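Numbering (this note's numbering), first residue to last: 3 to 513.
Cβ atoms here follow ideal geometry from the backbone N, Cα and C, with glycine treated the same way.
As the structure is a computational prediction, the values presented were derived from the model and not from experiment.
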């Protein structure tokens with residue numbers, strides 16, 4: 003049961019004050035985008051919301067839908083909610099809640115894209131340019147590697163609890179760093195190089211399989227894919243043999259995809275399939291759209307499209323399921339350091355809007371390429387090769403956690419870096435927090451409950467900013483447990499006020 007009142011801030015309040023909808027919210031899904039196993043259902047965006055909607059049946063007769071109230075987008079009819087439905091009307095319409103019921107639009111199987119736990123990343127998001135070191139190399143006085151350091155790491159995965167897993171190929175192991183840990187622990191391998199069940203040999207990539215609570219590892223030099231238990235795992239089980247893999251990933255059905263640069267192809271391995279099927283490349287090494295050239299890492303989206311980073315072609319290509327050739331979605335203008343170019347791309351992540359994030363290794367930077375863009379922007383690094391906190395040296399693996407913090411394997415520096423999301427430069431987030439303040443003012447009797455609910459639902463990293471608004475606009479000191487309205491807030495002017503350095507207002511106009 004989704005309660006419209008408290009979830010996703012204030013917009014729902016204005017469109018359906020007390021409506022209880024037994025349906026699912028769609029967050030970061032385009033208008034009419036897929037949100038249900040019933041293909042007749044689509045995401046209907048809430049009026050006033052930036053990226054939030056409710057999954058509803060799309061083919062309700064337009065003649066049955068009446069426009070929402072012009073002033074406040076309110077629906078007078080009971081059990082209706084105000085949504086955007088441009089196929090029917092230019093103005094928002096009152097949509098029947100019965101056509102949003104989960105019995106009509108059952109949810110799709112939950113799928114979180116690998117290495118991108120935050121399925122929606124604001125196109126204008128910014129990250130702190132000085133990174134925090136999550137893990138780095140350490141050598142003892144005798145020159146041997148420590149048991150907790152990494153040495154030229156490669157693959158990377160961050161789970162829902164922000165536990166970081168990194169492949170350490172030269173030490174033949176996978177290391178784990180739990181949130182807040184100062185040192186890593188060996189999660190797989192670490193028993194010297196070898197091909198035994200308890201050993202690894204040059205592992206190059208890893209991901210977490212939630213269904214089996216295990217690590218799935220590309221054991222590169224042994225030419226196998228291994229499943230290793232996350233809890234008390236002493237040895238692994240070979241699930242794919244005789245496979246050339248450099249990067250691996252998995253879709254929601256448990257199908258594994260492996261890419262190998264020496265064969266210039268990507269193979270798909272469904273459960274029980276030992277041979278695999280070529281799904282990208284396989285037509286020799288080259289620059290044609292049906293070819294790959296030294297492919298490195300892959301990403302698979304919810305539609306089973308495959309994204310491949312190609313080192314020597316300086317590009318990322320997208321292969322729609324069943325396609326015979328790829329589409330260039332990043333780079334493709336020769337090797338170089340211009341914003342339209344990539345040079346030696348490695349790790350790749352794609353968000354729900356089709357924005358490509360890629361480790362541009364030779365250029366020592368991480369780039370973002372919006373869907374359809376002819377050039378990208380630098381979001382991390384790009385300050386020359388080096389070991390400073392704002393520099394990279396041949397980045398490899400990429401990942402985002404649930405708060406959209408960016409993690410990068412800084413390969414040549416033998417360290418793993420974390421770049422925090424810079425929410426103060428995110429106008430969309432600031433706009434939402436202002437909506438929280440407006441909600442608290444408009445419903446003064448519910449101030450305490452609203453903010454308590456938000457503390458439970460918002461990531462912890464956002465709590466300081468929430469504290470600011472709670473104290474500034476509401477006058478509530480959480481430790482003292484009091485709540486009172488200090489002054490009124492003009493709701494419609496908040497976005498500008500927030501982007502102007504979060505200035506507090508003394509405006510006494512009615513909200």
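Discussion item. By alpha-carbon positions, which one of 408, 196, 35, 138 ends up nearest to residue 349?
Written reply: Walking along the chain shown from the start, residue 349 turns up at place 347. From the listed residues 408, 196, 35, 138, the smallest Cα separation to residue 349 is found for 408.
Worksheet entry | beta strand (DSSP E) runs contained entirely in the stretch 271-339, provided each spans 3 or more residues | Complete beta strand (DSSP E) runs here, min 3: 279-283, 297-302, 308-312, 317-321, 329-333.
Fill in: Beta-carbon spacing of residue 218, residue 229 below 8 Å
One-based indexing of the chain shown puts residue 218 at position 216. One-based indexing of the chain shown puts residue 229 at position 227. A contact, by the Cβ cut-off of 8 Å.
Item to complete: With residue 43 as the anchor, note down where its beta strand (DSSP E) starts and where it stops.
Response: Here the question's residue 43 lines up with position 41 in the chain shown. Per DSSP, residue 43 is one residue of the beta strand (DSSP E) stretching across 43-47.
Practice prompt. Pull up the DSSP beta-bridge partners for residue 260, would you.
Written response: In the chain shown, residue 260 corresponds to position 258, counting from 1. Note: residue 260 sits in a beta bridge opposite 250, 269.
Discussion item. Please return the same chain residues whose Cβ sits closer than 6 Å to the Cβ of residue 157, not counting the five positions on each side in sequence.
Written reply: As a first step, residue 157 is located in the chain shown; it is residue number 155 there, counting from the start. Scanning its chain for C-beta atoms nearer than 6 Å, with the 5 sequence neighbours on each side dropped, one finds around residue 157 the residues 169, 206, 207, 208, 399, in chain order.
Practice prompt. My understanding is that residue 83 touches residue 97, with C-beta atoms under 8 Å, so please give their C-beta distance in whole angstroms.
Written response: Locating residue 83 in the chain shown gives position 81, where the first residue counts as 1. Locating residue 97 in the chain shown gives position 95, where the first residue counts as 1. Rounded, the Cβ-Cβ distance is 6 Å, consistent with contact.
Discussion item. In the DSSP assignment, the beta strand (DSSP E) including residue 169 goes from what residue to what residue?
Written reply: Within the chain shown, residue 169 is the residue found at index 167, counting from 1. First-last of the beta strand (DSSP E) with residue 169: 166-170.
Discussion item. Excluding the 5 residues flanking residue 386 on each side, which residues of the same chain have their C-beta closer than 8 Å to its C-beta?
Written reply: The residue you call residue 386 lines up with position 384 of the chain shown. Short of 8 Å from the beta carbon of residue 386, and not among the five residues preceding or following it, lie these beta carbons of its own chain, in chain order: 366, 393.
Discussion item. I want to see whether chain D comes within less than 8 Å of residue 298, judged by CB atoms only; does it?
Written reply: The displayed structure is made up of one protein chain only, and chain D is not part of it.
Discussion item. Give the list of continuous beta strand (DSSP E) stretches no shorter than 3 residues that lie fully inside the stretch 337-373.
Written reply: Qualifying beta strand (DSSP E) stretches, in chain order: 347-352, 358-362, 367-371.
Worksheet item: Could you check where the beta strand (DSSP E) with residue 158 kicks off and where it finishes?
Response: Within the chain shown, the letter at position 156 stands for residue 158. Start and end: 158-160.
Discussion item. I need the straight-line Cα distance from residue 60 to residue 335, nearest angstrom please.
Written reply: In the chain shown, counting from the first residue as 1, residue 60 sits at position 58. In the chain shown, counting from the first residue as 1, residue 335 sits at position 333. In this structure, the alpha-carbon of residue 60 lies about 41 Å from that of residue 335.
Discussion item. Suppose you measure from the CA of residue 414 to the CA of residue 31; what does that come to, to the nearest Å?
Written reply: What you label residue 414 is simply residue 412 of the chain shown in a count that begins at 1. What you label residue 31 is simply residue 29 of the chain shown in a count that begins at 1. Taking the straight line joining both Cα atoms gives about 37 Å.
Practice prompt. Would you be able to state if there are at least three C-beta pairs under 8 Å between the stretch 360-374 and the stretch 331-346?
Written response: The answer is yes - the stretch 360-374 touches the stretch 331-346, with three or more Cβ pairs under 8 Å.
Item to complete: Drop a sphere of 10 angstroms on the beta-carbon of residue 401, count the other beta-carbons inside from all chains shown, and report buried for 16 or more, exposed for fewer.
Response: In the chain shown, counting from the first residue as 1, residue 401 sits at position 399. Counting Cβ neighbours within 10 Å, residue 401 comes out buried, since at least 16 surround it.
Worksheet item: Is it buried or exposed for residue 272, if we count other Cβ within 10 angstroms and need 16 for buried?
Response: Position 270 of the chain shown, counting from 1, holds the residue named residue 272. It counts as exposed.
Discussion item. Given this structure, state the Cα-to-Cα distance separating residue 262 from residue 47, to the nearest angstrom.
Written reply: Within the chain shown, residue 262 is the residue found at index 260, counting from 1. Within the chain shown, residue 47 is the residue found at index 45, counting from 1. Spanning the two alpha carbons is a distance of roughly 41 Å.
Item to complete: Just grab the DSSP bridge partners of residue 214 for me.
Response: Taking the chain shown and counting its residues from 1, one reaches residue 214 at position 212. The partner list for residue 214 (beta bridge, DSSP) is empty, contrary to what the question assumes.
Worksheet item: Which residues in the same chain as residue 313 place their Cβ atom closer than 6 Å to its Cβ, once the five residues preceding and following it in sequence are excluded?
Response: Counting from 1 along the chain shown, the entry for residue 313 is found at position 311. The beta carbon of residue 313 sits closer than 6 Å to those of 296, 298, 346, all from its chain and outside the five residues before and after it, given in chain order.
Worksheet item: Just curious, the beta strand (DSSP E) that residue 398 is in, first and last residue?
Response: Here the question's residue 398 lines up with position 396 in the chain shown. In the DSSP annotation of this structure, the continuous segment of the beta strand (DSSP E) that includes residue 398 starts and ends at 397-402.
Worksheet item: Hey, how far is the Cα of residue 102 from the Cα of residue 58?
Response: Counted from its first residue, the chain shown places residue 102 at position 100. Counted from its first residue, the chain shown places residue 58 at position 56. Cα to Cα, residue 102 sits roughly 4 Å from residue 58.
Discussion item. I'd like to check one pair, residue 249 with residue 220: are the Cβ atoms closer than 8 Å?
Written reply: Within the chain shown, the letter at position 218 stands for residue 220. Within the chain shown, the letter at position 247 stands for residue 249. Contact flag set, yes.
Worksheet item: Is residue 230 helix, strand or coil by DSSP?
Response: The residue you call residue 230 lines up with position 228 of the chain shown. Residue state, collapsed to three classes: strand.
Discussion item. I'd like to check one pair, residue 417 with residue 165: are the Cβ atoms closer than 8 Å?
Written reply: Taking the chain shown and counting its residues from 1, one reaches residue 165 at position 163. Taking the chain shown and counting its residues from 1, one reaches residue 417 at position 415. Remark: C-beta atoms of residue 165 and residue 417 do not approach each other more closely than 8 Å.
Discussion item. In whole angstroms, give me the CA-to-CA distance for residue 189 and residue 175.
Written reply: Reading the chain shown from its first residue, position 187 is the one you call residue 189. Reading the chain shown from its first residue, position 173 is the one you call residue 175. Note on geometry: alpha-carbon atoms of residue 189 and residue 175 lie some 8 Å from one another.
Worksheet item: First and last residue of the beta strand (DSSP E) that includes residue 202?
Response: As a first step, residue 202 is located in the chain shown; it is residue number 200 there, counting from the start. Run containing residue 202: none; DSSP gives neither H nor E here.
Worksheet item: Taking the DSSP output, what are the residues bridged to residue 221?
Response: Residue mapping note: residue 221 aligns to position 219 of the chain shown, counting from 1. Beta-bridge analysis with DSSP links residue 221 to 205, 226.
Worksheet entry | Neighbourhood of residue 531 by C-beta, 7 Å cutoff - its chain only, sequence neighbours within 5 removed | Residue 531 is absent from the model: the chain starts at 3 and stops at 513.
Worksheet item: Where does residue 561 land, buried or exposed, given buried means 16+ other C-beta within 10 angstroms?
Response: This structure leaves residue 561 out entirely; the chain is present only between 3 and 513.
Worksheet item: Do you know offhand how far residue 410's Cα is from residue 126's?
Response: Locating residue 410 in the chain shown gives position 408, counting from the first residue. Locating residue 126 in the chain shown gives position 124, counting from the first residue. Approximately 20 Å, taken between the alpha carbons.
Practice prompt. Could you tell me how far apart the beta carbons of residue 302 and residue 311 are, in whole angstroms, since I believe they sit closer than 8 Å?
Written response: What you label residue 302 is simply residue 300 of the chain shown in a count that begins at 1. What you label residue 311 is simply residue 309 of the chain shown in a count that begins at 1. Taking 8 Å as the upper bound for CB-CB distance, residue 302 and residue 311 are not in contact here, some 13 Å apart.
Worksheet entry | Backbone CA spacing between residue 38 and residue 45 [nearest angstrom] | The residue labelled residue 38 in the question sits at position 36 within the chain shown. The residue labelled residue 45 in the question sits at position 43 within the chain shown. Spanning the two alpha carbons is a distance of roughly 9 Å.
Discussion item. Measuring alpha carbon to alpha carbon, tell me which residue in 93, 55, 307 is nearest residue 71.
Written reply: Position 69 of the chain shown, counting from 1, holds the residue named residue 71. The candidate whose alpha carbon is nearest that of residue 71 is 93.
Practice prompt. My understanding is that residue 193 touches residue 391, with C-beta atoms under 8 Å, so please give their C-beta distance in whole angstroms.
Written response: Within the chain shown, residue 193 is the residue found at index 191, counting from 1. Within the chain shown, residue 391 is the residue found at index 389, counting from 1. The Cβ separation is near 34 Å, so there is no contact.
Discussion item. According to DSSP, simplified to helix, strand and coil, what is residue 66?
Written reply: Residue numbering aside, residue 66 sits at position 64 when the chain shown is read from its first letter. DSSP places residue 66 in the helix class (H, G or I) of the three-state scheme.
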